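Everything below concerns the one structure shown next.
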Amino acid sequence: MTEQFYQIERRIEIDAGHRVPHHGSQCRNLHGHRYKIGAVCRGPLTALGEQQGMVLDFGFLKEEMMREIHAPCDHALILWLEDALAREFIGDAARFDAEIRPQVAAQGYYPAKASRVGALYLMKEVPTAENLAAHWFIRLQGRVLERSERRAHLYQIIVYETPHCMAAYPAY
0 MTEQFYQIER
10 RIEIDAGHRV
20 PHHGSQCRNL
30 HGHRYKIGAV
40 CRGPLTALGE
50 QQGMVLDFGF
60 LKEEMMREIH
70 APCDHALILW
80 LEDALAREFI
90 GDAARFDAEI
100 RPQVAAQGYY
110 PAKASRVGAL
120 YLMKEVPTAE
130 NLAAHWFIRL
140 QGRVLERSER
150 RAHLYQIIVY
160 ETPHCMAAYP
170 AY
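Note that numbering that gives the first Met the number 0 has the sequence shown beginning at 0, numbered continuously upward.
What follows is the structure, given as structure tokens:
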């Protein structure tokens, strides 16, 4: 008999600003969204223990989404590292080049709790909905494996930038 797989989804919401600096529309300006983020996981049901009958406890998934997405990005300005405003908002060119740029190169992001504009989240890619979905997928996938004792896998991240516009990574 083959093992049955199930799919679950947990959603969170964050408020964040961003911009797409080279875009031809108003998206090149600083603006904000109420992002809705869904994490879709797949796997077999757990046979024993506190997660018995579950793919992954929704509470565990929420904790990881809050740690990896909400904590660094909620009420932050999310910018591409190469956006001219990133360096300006950090306000310290030496720190930007010596500390921030290498961390983004190594980890893909840098959460600055303090800048000239408050919380700033810098990333390797332009912060489009598509790139945010891929970025958050990478940040969350290892945490899902660990919390499920390697039974569940993060299948997809879905990002609603507006009620009518969404991006998913990976696409199936």
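The C-beta atom is built at its ideal place from N, Cα and C for all residues, glycine as well.
Note that the structure is predicted; figures quoted are calculated from it, not measured.
With 16 as the cutoff for other CB atoms within 10 Å, does ASP82 come out buried or exposed?
In the sequence shown, counting from the first residue as 1, residue 82 sits at position 83. By the 10 Å Cβ count, ASP82 comes out buried.
Enumerate, from N- to C-terminal direction, the unbroken alpha helix (DSSP H) stretches of 4 or more residues contained entirely within the region 52 to 137.
Within the region 52 to 137, the complete alpha helix (DSSP H) runs of at least 4 residues are 57 to 64, 83 to 89 and 100 to 106.
Could you tell me the distance, in whole angstroms, from the CA atom of LEU84 to the CA atom of THR1?
Here residue 84 is taken as the residue at index 85 of the sequence shown, counted from 1. Here residue 1 is taken as the residue at index 2 of the sequence shown, counted from 1. Each residue's alpha carbon lies about 54 Å from the other.
Pull up the CB-CB distance for ILE156 and ILE77, whole angstroms please, since I reckon it's below 8 Å.
Sequence index remark: in the sequence shown, residue 156 carries index 157 (1-based). Sequence index remark: in the sequence shown, residue 77 carries index 78 (1-based). Actually they do not touch by this definition, with Cβ atoms about 15 Å apart.
Could you name the residues that DSSP lists as bridge partners for TYR168?
What you label residue 168 is simply residue 169 of the sequence shown in a count that begins at 1. TYR168 pairs with ILE156.
Measure from the alpha carbon of MET122 to the alpha carbon of each residue in ARG9, GLN3, ARG18 and ILE7, then state which is nearest.
In the sequence shown, residue 122 corresponds to position 123, counting from 1. Per the Cα distances, ARG18.
Contact defined as beta carbons within less than 8 Å: I believe GLU49 pairs with ARG142. What is the distance between those atoms, to the nearest angstrom?
As a first step, residue 49 must be located in the sequence shown, where it is residue number 50. As a first step, residue 142 must be located in the sequence shown, where it is residue number 143. Contact doesn't hold; Cβ gap of about 17 Å is too wide.
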